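Have a look at the structure below before the remarks.
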Amino acid sequence: MNEIDGILKGIREGNPRTIGRAISAIEEGNHRAAAILQGINEGCVLAATILGITGPPGAGKSTLINQLISHYRIHGKRVGIVAIDPSSPVSGGAILGDRIRMMRHATDPGVIIRSMSTRGRVGGLCAAAGSAAKIMACSGCNPVIIETVGVGHLEIDIVGLADIVVFVLAPGFGDDVQAMKAGLIEMADVLVVNKADHAGADALIVDLKYATQGRDCQVCSTSATESRGIEDLANIIGNIAQRKRQTGQFIQKREKMLESEILHRAVELMRTKLKDRLMAQEEQIIGDPQDIVRKLLEEVCVTQLESKKR
Amino acid sequence: MEAGQRRGRVLIGKVGLDGHDRGAKFIARSLRDDGFEVIYTGIRHTPEEIASVAVQEDVDAIGISLLSGAHNELIPAMIHALCQADAGDIPVIVGGAIPQEDISYLKDKGVCEVLTTGTPTQTILDVFRMVANEYRQKKHTYE
Ligand SMILES: Nc1nc2c(ncn2[C@@H]2O[C@H](COP(=O)(O)OP(=O)(O)OP(=O)(O)O)[C@@H](O)[C@H]2O)c(=O)[nH]1
Ligand SMILES: [Mg+2]
Numbered sequence: 001m002n003e004i005d006g007i008l009k010g011i012r013e014g015n016p017r018t019i020g021r022a023i024s025a026i027e028e029g030n031h032r033a034a035a036i037l038q039g040i041n042e043g044c045v046l047a048a049t050i051l052g053i054t055g056p057p058g059a060g061k062s063t064l065i066n067q068l069i070s071h072y073r074i075h076g077k078r079v080g081i082v083a084i085d086p087s088s089p090v091s092g093g094a095i096l097g098d099r100i101r102m103m104r105h106a107t108d109p110g111v112i113i114r115s116m117s118t119r120g121r122v123g124g125l126c127a128a129a130g131s132a133a134k135i136m137a138c139s140g141c142n143p144v145i146i147e148t149v150g151v152g153h154l155e156i157d158i159v160g161l162a163d164i165v166v167f168v169l170a171p172g173f174g175d176d177v178q179a180m181k182a183g184l185i186e187m188a189d190v191l192v193v194n195k196a197d198h199a200g201a202d203a204l205i206v207d208l209k210y211a212t213q214g215r216d217c218q219v220c221s222t223s224a225t226e227s228r229g230i231e232d233l234a235n236i237i238g239n240i241a242q243r244k245r246q247t248g249q250f251i252q253k254r255e256k257m258l259e260s261e262i263l264h265r266a267v268e269l270m271r272t273k274l275k276d277r278l279m280a281q282e283e284q285i286i287g288d289p290q291d292i293v294r295k296l297l298e299e300v301c302v303t304q305l306e307s308k309k310r
Numbered sequence: 001m002e003a004g005q006r007r008g009r010v011l012i013g014k015v016g017l018d019g020h021d022r023g024a025k026f027i028a029r030s031l032r033d034d035g036f037e038v039i040y041t042g043i044r045h046t047p048e049e050i051a052s053v054a055v056q057e058d059v060d061a062i063g064i065s066l067l068s069g070a071h072n073e074l075i076p077a078m079i080h081a082l083c084q085a086d087a088g089d090i091p092v093i094v095g096g097a098i099p100q101e102d103i104s105y106l107k108d109k110g111v112c113e114v115l116t117t118g119t120p121t122q123t124i125l126d127v128f129r130m131v132a133n134e135y136r137q138k139k140h141t142y143e
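So this is what it looks like as structure tokens:
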């Protein structure tokens with residue numbers, strides 16, 4: 001058996017070491033990455049539902065996912081989680097802490113959790129997160145859950161990665177308004193008011209129901225710490241998944257995902273190439289930025305073509 | 001980003017019952033500020049839990065801090081769990097209140113470095129840099 005076949009077999013068998021290694025290979029874009037992705041069973045990827053769970057920092061996303069994992073495990077499902085945290089713009093480092101809330105599942109062989117940092121890349125991150133989700137799906141995870149913080153542009157890309165988008169809010173932040181402004185709520189299939197044990201939850205639910213009137217968006221409430229509302233949320237998610245598959249929305253979105261994945265990968269590739277080229281410039285850069293951009297693009301594309309010919 | 005440009009991924013956590021996490025949190029933040037991706041697992045975990053997380057996260061080093069005195073049992077148990085998961089090669093760094101006479105025992109059991117209480121932060125960072133980098137190089141050459 002060649003090496004890649006061995007890796008693919010390990011993934012299918014759910015070997016955590018192989019899965020961990022394979023995700024790293026893809027994150028770092030090493031030479032095995034493409035072969036692994038090509039060998040992934042598309043049937044598994046199509047069978048799995050990818051849930052995007054997003055929302056403002058501290059809303060309780062990880063705690064809620066912890067509860068959802070328990071729910072899915074009781075129903076005998078294998079679950080994968082990709083938890084994304086922002087990296088520090090200064091050092092490039094990151095503290096990936098979502099996992100703390102899910103440590104209960106640390107040794108459960110039916111749960112695979114992988115933390116990722118944004119590493120200052122938007123397109124690349126989405127590509128890596130999407131690929132990690134595929135590997136998890138290939139190992140039999142269904143659903144695969146992707147957690148991201150939702151405050152800027154990044155999560156809109158994440159929205160493009162998920163079949164179902166769950167936006168988590170909590171009372172008392174004023175985040176509801178922020179989220180509405182950012183248009184995030186419009187992207188969501190489900191709005192969850194978490195921390196329903198806090199004052200103000202009911203009012204927020206009323207607000208959200210009003211704001212989503214006439215739209216295909218469900219509102220529900222949970223208390224992740226008290227484990228309330230989890231079953232309801234899981235049922236809502238399950239119903240949406242079923243409906244999307246029946247109406248063909250699911251497959252349509254998957255096709256779009258492929259397009260955006262290709263775009264993300266291309267942009268990420270270009271970004272590093274452009275940056276390298278720019279950094280390699282000996283003399284100080286002066287002149288009209290637009291001209292420089294044109295020249296830079298030309299140079300990068302020419303070297304790219306030449307390296308292809310060779 | 002090229003693999004070589006990054007510092008790598010490390011796990012920082014605590015095993016056993018002691019609940020003091022100030023030291024571990026401080027190290028986690030220092031490592032982040034030094035460019036590491038730090039998987040922080042919090043306190044009071046079993047050796048098996050830490051090993052399982054290290055495998056899933058495919059880290060380049062594991063840093064465990066202990067103040068409880070139970071290191072001679074817990075650390076070998078964790079290394080055993082790593083080996084069981086085909087991950088015995090992930091380097092383990094132990095920090096905290098470790099008596100001098102236990103250091104060689106832990107090293108015999110497969111610990112790569114022991115950093116006792118009072119080790120300067122810069123030294124700790126240097127150790128993590130060196131250890132994680134070496135492991136990444138190794139991973140790379142056979143890849
Ligand atoms: N009272 C109450 N607290 C909660 C609830 N859910 C989460 N929390 C608390 O809220 C805090 C943040 O929870 P997390 O799950 O880490 O939130 P998050 O949205 O994942 O946060 P980031 O990943 O940092 O954006 C923790 O202290 C949780 O214990 C809830 O339903 N009720
Ligand atoms: Mg979180």
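If you read the protein sequences in the order shown, they are chains F and H.
Using the working numbering, read the first sequence as starting at 1 and increasing by one per residue.
Using the working numbering, read the second sequence as starting at 1 and increasing by one per residue.
We put the beta carbon where it would ideally sit given N, CA and C, even for glycine.
Predicted model only: the values in this text are computed from it and were never measured.
(message) One question on the structure: do LEU233 (chain F) and LEU204 (chain F) come within less than 8 Å of each other, judged by their Cβ atoms?
(response) Here residue 233 (chain F) refers to the residue found at position 233 of the first sequence. Here residue 204 (chain F) refers to the residue found at position 204 of the first sequence. Cβ distance not < 8 Å, so LEU233 (chain F) and LEU204 (chain F) don't count as in contact.
(request) Pull up the CB-CB distance for PRO143 (chain F) and ILE50 (chain F), whole angstroms please, since I reckon it's below 8 Å. (result) One-based indexing of the first sequence puts residue 143 (chain F) at position 143. One-based indexing of the first sequence puts residue 50 (chain F) at position 50. Contact between PRO143 (chain F) and ILE50 (chain F) holds: CB atoms are separated by about 7 Å, below the 8 Å threshold.
(request) Would you mind reading off the limits of the beta strand (DSSP E) that contains ASP85 (chain F)? (result) Here residue 85 (chain F) refers to the residue found at position 85 when the first sequence is read from its first residue. Element bounds for ASP85 (chain F): 79-85.
(request) My understanding is that LEU74 (chain H) touches VAL131 (chain H), with C-beta atoms under 8 Å, so please give their C-beta distance in whole angstroms. (result) The sequence position of residue 74 (chain H) within the second sequence is 74, counting from 1. The sequence position of residue 131 (chain H) within the second sequence is 131, counting from 1. The Cβ separation is near 20 Å, so there is no contact.
(message) For chain H, check one thing: does any of its Cβ atoms lie closer than 8 Å to the Cβ of THR107 (chain F)?
(response) Here residue 107 (chain F) refers to the residue found at position 107 of the first sequence. So yes, THR107 (chain F) belongs to the interface.
(message) Taking 8 Å as the limit between beta carbons, can you name the residues of its chain near ARG254 (chain F), skipping five residues before and five after?
(response) As a working mapping, residue 254 (chain F) is identified with position 254 in the first sequence. Once the five neighbours on either side are set aside, the close Cβ partners of ARG254 (chain F) are LEU46 and ASP163.
(message) Can you determine whether any heavy atom of ligand 2 sits closer than 7 Å to the C-beta of LYS256 (chain F), and answer yes or no?
(response) Taking the first residue of the first sequence as position 1, residue 256 (chain F) is located at position 256. Checking the Cβ of LYS256 (chain F) against ligand 2 gives no.
(message) Below 8 Å on the Cβ atoms is my contact criterion, and I expect ALA25 (chain F) with ILE11 (chain F) to pass it. Report the Cβ-Cβ distance as a whole number of Å.
(response) Translated into positions along the first sequence, residue 25 (chain F) becomes position 25. Translated into positions along the first sequence, residue 11 (chain F) becomes position 11. Going by Cβ atoms, the distance from ALA25 (chain F) to ILE11 (chain F) rounds to 11 Å, so no, they are not a contact pair.
(message) Can you pull the chain F neighbours of TYR40 (chain H), defined as C-beta to C-beta under 9 Å?
(response) Residue numbering aside, residue 40 (chain H) sits at position 40 when the second sequence is read from its first letter. The answer, in chain order, is ILE95, LEU96, GLY97, ARG99 and ILE100.
(request) Compute the Euclidean distance between the alpha carbons of GLU207 (chain H) and GLY97 (chain F), then round it to the nearest angstrom. (result) The question about residue 207 (chain H) has no answer, for chain H in this structure spans 1 to 143.
(request) Determine the burial state of PRO120 (chain H): buried for a count of at least 16 other Cβ atoms within 10 Å of its Cβ, exposed for fewer. (result) For the purposes of this step, residue 120 (chain H) is identified with residue 120 of the second sequence, where counting begins at 1. Looking at its Cβ environment, which holds fewer than 16 other Cβ atoms inside 10 Å, PRO120 (chain H) is exposed.
(request) Return the residues of the region 65-89 of chain F that lie within a Cβ-Cβ distance of less than 8 Å from chain H, sorted by chain order. (result) SER87 and SER88
(request) Taking only heavy atoms of ligand 1 into account, decide whether any of them is closer than 7 Å to the Cβ of ALA59 (chain F). (result) In the first sequence, the residue the question calls residue 59 (chain F) occupies position 59. True, at least one ligand heavy atom lies under 7 Å from that Cβ.
(request) Give a yes or no on whether the C-beta atoms belonging to GLY13 (chain H) and ILE64 (chain H) are separated by under 8 Å. (result) Residue numbering aside, residue 13 (chain H) sits at position 13 when the second sequence is read from its first letter. Residue numbering aside, residue 64 (chain H) sits at position 64 when the second sequence is read from its first letter. Taking 8 Å as the Cβ cut-off, GLY13 (chain H) and ILE64 (chain H) qualify as a contacting pair.
(request) Tell me, to the nearest whole angstrom, how far the beta carbon of LYS61 (chain F) is from that of GLU147 (chain F); I am working on the premise that it is less than 8 Å. (result) To locate residue 61 (chain F), count along the first sequence from 1; it is residue 61. To locate residue 147 (chain F), count along the first sequence from 1; it is residue 147. Contact holds; Cβ gap of about 5 Å.
(request) List in chain order: all unbroken alpha helix (DSSP H) runs of 4+ residues lying wholly within the region 55-97 of chain H. (result) Entirely contained in the region 55-97 of chain H, the alpha helix (DSSP H) runs reaching 4 residues are, in chain order, 71-84.
(request) To the nearest angstrom, report how far apart ASN30 (chain F) and LYS138 (chain H) are at their CA atoms. (result) The residue given as residue 30 (chain F) occupies position 30 in the first sequence. The residue given as residue 138 (chain H) occupies position 138 in the second sequence. In a straight line, the C-alpha of ASN30 (chain F) is about 14 Å away from that of LYS138 (chain H).
(message) Run through chain F and tell me which residues come within less than 8 Å of VAL56 (chain H), C-beta to C-beta.
(response) The residue labelled residue 56 (chain H) in the question sits at position 56 within the second sequence. A quick correction: the sequence has Gln, not Val, at residue 56 (chain H). Near GLN56 (chain H) (Cβ distances below 8 Å), the residues of chain F are PRO16, ILE19, GLY20, ILE112, ILE113 and ARG114.
(request) Return yes when at least one heavy atom of ligand 1 lies under 7 Å from the C-beta of ARG44 (chain H), else no. (result) In the second sequence, residue 44 (chain H) corresponds to position 44, counting from 1. False, no ligand heavy atom lies under 7 Å from that Cβ.
(request) Given a cut-off of 8 Å, decide if THR212 (chain F) and ALA196 (chain F) are closer than it, judged by their beta-carbon atoms. (result) Taking the first residue of the first sequence as 1, we reach residue 196 (chain F) at position 196. Taking the first residue of the first sequence as 1, we reach residue 212 (chain F) at position 212. Not a contact, by the Cβ cut-off of 8 Å.
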